[in-house]
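Residues in the sequence shown are numbered from 97 upward in steps of one, following our numbering.
All C-beta atoms, glycine included, are put in the ideal place defined by N, C-alpha and C.
This one's a predicted model, so the numbers in the text were calculated from it and none came from an experiment.
What follows is a short report on a single structure.
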Amino acid sequence: MWLKPEEVLLKNALKLWLTEKSHKYFVLQRRRGYGEGGGGLTGLLVGTLDTVFDSTSKVAPYRILHQTPESQVYWSIACGASSDEINKHWEWLEHNVMAILSVFDSNEDITSFVQGKVRGLIAEESQSASIKEEDDPEKFREALLKFDKWFGLPEQEKLVTYYSCSYWSGRVPCQGWLYLSTNFLSFYSFFLGKEVKISISWDEISKLTKTTNVILSESIHVCSHGEDYYFSMFMHLNETFLLMEQLADYAVKRLFDKETFETDLSLRDPLQITKRGLENRARNEYFTALFRLPREESLDDILDCFLWIPFCHAHAFGKMFIADNYICFNSQDGSHCNVIIPLREIMGMDMPDKSGKHISFSTRCKITLRFTEVKGSDSLVKTLEGKLNCGANAQPMLGNEEESCPNNSQENSTTFAHDGPSPSFTGDPHSALLKESSKTVNTEALMRVFHPQDAENLDSKMLKEKMKVQSWNIHFVEYGHGVCMFRTKKTRDLVIRGIPEALRGELWLLFSGANNDMAAHPGYYSELVERSMGTCSLATDEIERDLHRSLPEHPAFQSDTGISALRRVLTAYASRNPKIGYCQAMNILTSVLLLYAKEEEAFWLLVAVCERMLPDYFNRRIIGALVDQAVFEEFIRSHLPQLTDHMTDMTFFSSVSLSWFLTVFISVLPIESAVNVVDCFFYDGIKAILQVGLAVLDYNMDKLVLCKDDAEAVTILNKFFDNVTNKDSPLPPMTHHPPFDSDNQNPQLKVDITELIRESYEKYGDIQSMEVESMRRRNRLYVIQTLEDTTKHNVLRVVSQEVMFSPKELEDLFELFKKEHFLSCYWVPHSPALKHHDSSLPYLEQYQIDSKQYCTLFKHLSPWSHSANADSLALWSFRLMDENSDCLINFKEFSCVLDVMYNGSFTDKLKLLFKLHISPAFTEDESTVPAASKRPPLFDEAMTHDGQLNGSNKGKVDIQSYLKQWHDELARKEESIRDLPRINQSQFVQFSKTLYNLFHADPNEEALYRAITTVTGLLLRMEEVGRMLNSPSSPLRSKLGIIQDCQGGDSIQESQTLHKGEDAPQEGQTEIEWTFAFEQILASLLNEPVLVTFFEKRVDINTRIEQAKSVQLRSKRQSNPID
97 MWLKPEEVLL KNALKLWLTE KSHKYFVLQR RRGYGEGGGG LTGLLVGTLD TVFDSTSKVA
157 PYRILHQTPE SQVYWSIACG ASSDEINKHW EWLEHNVMAI LSVFDSNEDI TSFVQGKVRG
217 LIAEESQSAS IKEEDDPEKF REALLKFDKW FGLPEQEKLV TYYSCSYWSG RVPCQGWLYL
277 STNFLSFYSF FLGKEVKISI SWDEISKLTK TTNVILSESI HVCSHGEDYY FSMFMHLNET
337 FLLMEQLADY AVKRLFDKET FETDLSLRDP LQITKRGLEN RARNEYFTAL FRLPREESLD
397 DILDCFLWIP FCHAHAFGKM FIADNYICFN SQDGSHCNVI IPLREIMGMD MPDKSGKHIS
457 FSTRCKITLR FTEVKGSDSL VKTLEGKLNC GANAQPMLGN EEESCPNNSQ ENSTTFAHDG
517 PSPSFTGDPH SALLKESSKT VNTEALMRVF HPQDAENLDS KMLKEKMKVQ SWNIHFVEYG
577 HGVCMFRTKK TRDLVIRGIP EALRGELWLL FSGANNDMAA HPGYYSELVE RSMGTCSLAT
637 DEIERDLHRS LPEHPAFQSD TGISALRRVL TAYASRNPKI GYCQAMNILT SVLLLYAKEE
697 EAFWLLVAVC ERMLPDYFNR RIIGALVDQA VFEEFIRSHL PQLTDHMTDM TFFSSVSLSW
757 FLTVFISVLP IESAVNVVDC FFYDGIKAIL QVGLAVLDYN MDKLVLCKDD AEAVTILNKF
817 FDNVTNKDSP LPPMTHHPPF DSDNQNPQLK VDITELIRES YEKYGDIQSM EVESMRRRNR
877 LYVIQTLEDT TKHNVLRVVS QEVMFSPKEL EDLFELFKKE HFLSCYWVPH SPALKHHDSS
937 LPYLEQYQID SKQYCTLFKH LSPWSHSANA DSLALWSFRL MDENSDCLIN FKEFSCVLDV
997 MYNGSFTDKL KLLFKLHISP AFTEDESTVP AASKRPPLFD EAMTHDGQLN GSNKGKVDIQ
1057 SYLKQWHDEL ARKEESIRDL PRINQSQFVQ FSKTLYNLFH ADPNEEALYR AITTVTGLLL
1117 RMEEVGRMLN SPSSPLRSKL GIIQDCQGGD SIQESQTLHK GEDAPQEGQT EIEWTFAFEQ
1177 ILASLLNEPV LVTFFEKRVD INTRIEQAKS VQLRSKRQSN PID
């Protein structure tokens, strides 16, 4: 590797380096302790120093120096890990540099020329984006060289960054280097002769946390496969931990949670991930989560500044966030002030002075925001002017100011009708649905239709409601009204008290950020409704089934008006996001949204909830809900320790709280109380749900600690929820759940929802949203690995009944099977192997491998892999297992065929070999490529999935197909050897050749060859006699030559040629080839004890498994992973 020229004082290094080649201007040196002569004590000490002090020579024990005569100063220009590598550099210097140095007049000119040449070579080598993006490309190149040598990963494995740290092995620290790459966490240390090398793939990590204990002040704890690793003494621990979290999260999403991954375009290519890219991504995620903005929004810059707060008559210090379409402010001085300014709302920008440090924005809602002392404002003004000028062209699309200024909003009715004549659906059950969908979409919240407020009603609840409205109106006057309003602690206090019925929909839209989505996509919902209604899919079937289960107690959903609106919103969302489609609990949430928001607003609120506020909740595995439950359990441990001391099984809290998270407490609380929780949820996000959940458990603490079982605890909580009321709600009470064990002797105390929410904020308000996001990332690893462990245990439980492998052997085989799948995905962008994993399928079908992956495993694990035709055996056995011709096999099929090879009886193994040489495994025009793999790749892909993974239709035909598969498996178990077809001439020849290949290098090889020759000859004589007896009138055609050739030992191919030569003249006539039944072959082989002994000899699979573990990753480096 060429190095950036640096001065080296040679006299200080004489004891560490030996000169191997020299020239007037160059010298090639070798590090002591390397190469010939071994290391000894010198090599031990030098190696330790090299690792501890990060010397390049540790990994590059050879170097080339440029020298100038009569000078003590040398320049290092190249280093190498091997003698061959450094000699190539030396040869290049001989051919391109040394010969022309004599033309220079001075040593200074020579040195300048050499340095320029070397820098030019380095520039050519550093064309890759990953190196150019680094702050110090030279050091990164050195680190890349070390990483490649120490861990031997494929060249496609991309190093992201590296850190100096210590790994704690017991109580002894090992100082070394931690390397973070796209698929692996790696550590290397060499200290006093002890080498420590650790490489953990991100997908195997189940726990990643920052810890503190007596020995370690602060460290990073990694858990993988039950083993704990502790790394400490980082210069930038928080930065390191964040990058590790991001890389682990990336790997988990890419390999296990493709639904989320496929929506994230920035992570599609694993070869393009860089440290800078991850840092920018973390900033973007923080920004969009903080201000509830669309995930696509890109953050350009963050600047320190002051914002004038008019209601406080003071300046608030904070940070200004400049994005593509927004300017946002977040205070940093404890004033809890947030402001969001969409560029579409800015009417003008004013700068009192030319310095640009003071900027004012006037908005459509007549709010003026003044920023002062803006750091780095020189380029800001030009940037903002460009953004505002670009945005000015799009302003007419927004039409009226209804989204930004609610006071000026107008009621616009929108109709949806199909263009052209409507199709006829006579007799179609969906025809009525299609006709109904063509009607006018609701432009009123259902609550205004079914519970209109009487302005003249002066009862106490209505008076309180009017007082709430008045409080908000005063707040709007002081803090602004609309999207650009100041959001402060006072805003949160008003939300905690409960948003008035008349303002609820508007403020939900504002606090959730759904108003920004709606403003950015005018007309989108109407197009979606028109396109989606009337279609039939699994999602629409499920929606129809659940429509009348959505808040059935509310009159709005006892009428066609409410049911039709709910149908339109759910169907439109299923069309927008087919990855989610429709999931239970979405209907309950959407029902409440429709009560307080117009239909289009309810749709965008649903988008905000499903895609931003509760990510991954509404998918096939509800991973997001499980992650938040794990976060909830952590908070229970830290805030309610007395409860966890009593209830040691934390799974109870997961099971009882699942509906709390999925429906935002709507399914467990009376609707008039649940909407107050929804108010807080839209303002504070998941933090509000966690706080209310903790308050509920805290309120019932005394009763829960006395519970004897989970059922009693569930009853207590259900009673509590039934007695939660909203004393300020103007709505008439609605029946919720029938009371549990209601009696007059022990009346349950009523709990006001406002008091419960206020208590949750007082006790648990210190929970920070960013802390919750970090806990989500951390617990996502645990949840995913738990689901994977569940899959593994279920697969092993089923397969263990079919094979004779021990539980440990079977588990090791499963890990190798799964690892081979992942290794095919690591380094290939858009790898087709990613589609072979589908968590929605039954456990056995979730992981499948193709023929290439199987052949690799066959080579590592099969006892027959030493055969000369091992590749053919692998392909034939794959075809045999691939009964549905989808070019994939599952673990059960894989382990069953291995079980026969290792644990089968003589008959079982022979039957397997027999099947490998008949159709469908073996074909007459046999080639080295299986027939299935000759299809075009697109055909393979389509055949593999066959629509099962496409949109919401997934799984619709799975039940029948898997019942048929189960029936076929039962039928196969009853298969008799008499059911096997006969083997023909060419198949038998190949069968005999395979047997010869299997015997190669066996101690009894000679005896085995003689035995198989005897059996082959006997079978051919038997077939000849049988043909003579069955066809007495036909001309006799002697097979003596064939028999003699077979007895010769290894001339089966010649016998086949001879036989074909005899038959050639008869080609035009009807010819019946000689064939053998399996019983004939079995009976003949049983007469040879040496053959029976060979096949019944036990082979230890554990040795092959350990070898496979050590070479599985290395084999990927030797092959081309992109092929």
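Can you find the residues in the same chain that come closer than 7 Å, C-beta to C-beta, to V1207, ignoring five residues on each side of it along the sequence? For the purposes of this step, residue 1207 is identified with residue 1111 of the sequence shown, where counting begins at 1. Answer for V1207: H956, listed in chain order.
Could you check where the alpha helix (DSSP H) with R1230 kicks off and where it finishes? In the structure as shown, the chain begins at 97 and stops at 1219. Residue 1230 is therefore absent and cannot be evaluated.
Figure out for me which residue from T759, N822, D724 has the closest Cα to the Cα of S1237. Residue 1237 cannot be examined here, being either before or after the span of the chain that is shown, 97 to 1219.
Residue interval of the alpha helix (DSSP H) (run including R627): Here residue 627 refers to the residue found at position 531 of the sequence shown. 620-628 is the extent of the alpha helix (DSSP H) around R627.
Excluding the 5 residues flanking N890 on each side, which residues of the same chain have their C-beta closer than 7 Å to its C-beta? What you label residue 890 is simply residue 794 of the sequence shown in a count that begins at 1. Around N890: Y939.
Using the Cα positions of E1163 and N999, report the straight-line distance between them to the nearest angstrom. On the sequence shown, residue 1163 is found 1067 positions in, with the first residue counted as 1. On the sequence shown, residue 999 is found 903 positions in, with the first residue counted as 1. Confidence at E1163 is low in this model, with a pLDDT of 44, below 50, so the placement of that residue should be treated as unreliable; the coordinate-derived value is given next. So the alpha carbons of these two residues sit roughly 45 Å apart.
Endpoints, beta strand (DSSP E) assigned at F286: Your numbering for residue 286 matches position 190 in the sequence shown. Going by DSSP, F286 is part of the beta strand (DSSP E) stretching over 280-287.
Along the chain, where does the beta strand (DSSP E) that runs through L395 open and close? Position 299 of the sequence shown, counting from 1, holds the residue named residue 395. Run containing L395: 395-405, per the beta strand (DSSP E) assignment.
What does the Cβ neighbour count give for C632, buried or exposed, with the cut at 16 atoms within 10 Å? Position 536 of the sequence shown, counting from 1, holds the residue named residue 632. With fewer than 16 Cβ atoms within 10 Å of its Cβ, C632 is classed as exposed.
Expected contact under 8 Å - CB spacing of L758 and K303 to nearest Å: By one-based count along the sequence shown, residue 758 stands at place 662. By one-based count along the sequence shown, residue 303 stands at place 207. 26 Å between Cβ atoms; not a contact.
Span of the alpha helix (DSSP H) around F728: Here the question's residue 728 lines up with position 632 in the sequence shown. Counting along the chain, the alpha helix (DSSP H) containing F728 begins and ends at 719-735.
Please list the terminal residues of the continuous beta strand (DSSP E) segment that includes L411. Stepping through the sequence shown from its first residue, residue 411 is reached at position 315. According to the sequence shown, residue 411 is His rather than Leu. It spans 410-419 - the beta strand (DSSP E) in which H411 sits, taken as one unbroken run.
Let me know the secondary structure DSSP gives S198 once reduced to three states. Walking along the sequence shown from the start, residue 198 turns up at place 102. Looking at S198 - three-state DSSP - the assignment turns out to be helix.
Buried or exposed: which applies to K585, given that a residue is buried once 16 or more other Cβ atoms fall within 10 Å of its Cβ? Sequence index remark: in the sequence shown, residue 585 carries index 489 (1-based). Exposed, since its Cβ has fewer than 16 Cβ neighbours within 10 Å.
Please say whether L389 and L339 have beta carbons closer to each other than 8 Å? As a working note, residue 339 is residue 243 in the sequence shown. As a working note, residue 389 is residue 293 in the sequence shown. No.
Rounding to the nearest angstrom, what Cα-Cα distance links S456 and I437 in this structure? Numbered from its first residue, the sequence shown carries residue 456 at position 360. Numbered from its first residue, the sequence shown carries residue 437 at position 341. Rounded to whole angstroms, S456 to I437 spans 12 Å at the Cα level.
Cutoff 7 Å; reference E1202; Cβ partners in own chain excluding five residues on either side: Against the sequence shown, residue 1202 aligns to sequence position 1106. If you ignore the 5 residues before and after E1202, its C-beta comes within less than 7 Å of no other C-beta in its own chain.
Residue burial classification, P1099 (beta-carbon count within 10 angstroms, cutoff 16): Taking the sequence shown and counting its residues from 1, the one referred to as residue 1099 is at position 1003. Counting Cβ neighbours within 10 Å, P1099 comes out exposed, since fewer than 16 surround it.
Which listed residue (I639, K290, E808, E341) has its alpha carbon closest to that of A681: Here residue 681 is taken as the residue at index 585 of the sequence shown, counted from 1. Proximity to A681 across I639, K290, E808, E341 peaks at I639, based on C-alpha coordinates.
Out of N1093, Q949, G781, state which residue places its alpha-carbon closest to the alpha-carbon of A964. In the sequence shown, counting from the first residue as 1, residue 964 sits at position 868. Ranking the options by Cα distance to A964, first place goes to N1093.
Rounded to whole angstroms, what's the CA-CA distance from S763 to L647? Just pull it up for me. Here residue 763 is taken as the residue at index 667 of the sequence shown, counted from 1. Here residue 647 is taken as the residue at index 551 of the sequence shown, counted from 1. One C-alpha to the other measures close to 9 Å.
Measure the CB-CB distance between C461 and G576 and report whether it falls below 8 Å. Here residue 461 refers to the residue found at position 365 of the sequence shown. Here residue 576 refers to the residue found at position 480 of the sequence shown. Contact: yes.
Which residues in the same chain as V104 place their Cβ atom closer than 8 Å to its Cβ, once the five residues preceding and following it in sequence are excluded? The residue labelled residue 104 in the question sits at position 8 within the sequence shown. Non-local C-beta neighbours of V104 in its own chain, meaning closer than 8 Å and more than five positions away in sequence, comprise L161, V169, Y170, W171, S172, ordered along the chain.
Alpha carbon to alpha carbon, how far is S1029 from C983? Here residue 1029 corresponds to residue number 933 of the sequence shown, with the count starting at 1. Here residue 983 corresponds to residue number 887 of the sequence shown, with the count starting at 1. With a pLDDT of 37 at S1029, under the threshold of 50, the modelled position of that residue is not reliable, and the figure given next carries that caveat. Note on geometry: alpha-carbon atoms of S1029 and C983 lie some 7 Å from one another.
Counting only the same chain and skipping the five closest in sequence on each side, list residues whose C-beta sits under 8 Å from that of A791. What you label residue 791 is simply residue 695 of the sequence shown in a count that begins at 1. Excluding positions up to five away in sequence, the list reads L852, I853, E855, S856, K859, Y860.
Candidates K783, Q787, R716, I782: which alpha carbon is nearest L736's? As a first step, residue 736 must be located in the sequence shown, where it is residue number 640. Sorting K783, Q787, R716, I782 by C-alpha distance to the C-alpha of L736 places Q787 at the top.
Quick check on the DSSP output: what are the complete alpha helix (DSSP H) runs of length 4 or more inside the segment 789-868, in order along the chain? 797-800, 806-818, 849-860, all fully within the segment 789-868.
Could you tell me the alpha carbon to alpha carbon distance between E941 and L1006, rounded to whole angstroms? Taking the sequence shown and counting its residues from 1, the one referred to as residue 941 is at position 845. Taking the sequence shown and counting its residues from 1, the one referred to as residue 1006 is at position 910. Cα to Cα, E941 sits roughly 28 Å from L1006.
Chain-order list of residues whose beta-carbon lies under 6 Å from that of F425 (same chain, five-residue window excluded): Numbered from 1 along the sequence shown, position 329 holds the residue referred to as residue 425. Cβ within range, chain order: L403, G414, M416, V435.
Classify L662 as buried or exposed, calling it buried when 16 or more other Cβ atoms lie within 10 Å of its own Cβ. Reading the sequence shown from its first residue, position 566 is the one you call residue 662. L662 is buried by the Cβ-count criterion.
Can you tell me which of L465, A966, A1017, T821 puts its alpha carbon nearest to the alpha carbon of F974? Here residue 974 is taken as the residue at index 878 of the sequence shown, counted from 1. The closest CA to that of F974, considering only L465, A966, A1017, T821, is found on A1017.
I believe I1177 touches L1115 by the beta-carbon criterion, under 8 Å. Please report the beta-carbon distance rounded to the nearest angstrom. Stepping through the sequence shown from its first residue, residue 1177 is reached at position 1081. Stepping through the sequence shown from its first residue, residue 1115 is reached at position 1019. Sure, about 7 Å apart at Cβ, within 8 Å.
What does the alpha-carbon distance come out to for the pair S660 and D745? On the sequence shown, residue 660 is found 564 positions in, with the first residue counted as 1. On the sequence shown, residue 745 is found 649 positions in, with the first residue counted as 1. Rounded to the nearest whole angstrom, the CA to CA distance from S660 to D745 is 44 Å.
Okay, do the segment 893-903 and the segment 763-778 touch, 3+ Cβ pairs below 8 Å being the bar? No contact exists between the segment 893-903 and the segment 763-778.
Taking Y258 as the reference, which of V268, G248, G272, G266 has the closest Cα? Counting from 1 along the sequence shown, the entry for residue 258 is found at position 162. For the set V268, G248, G272, G266, the Cα lying nearest the Cα of Y258 is the one of G272.
Apart from the five residues on each side of it in sequence, which residues of its chain come closer than 6 Å, Cβ to Cβ, to S282? Start at 1 with the first residue of the sequence shown, and residue 282 comes out as number 186. These residues qualify, in order along the chain: F247, Y275, S295.
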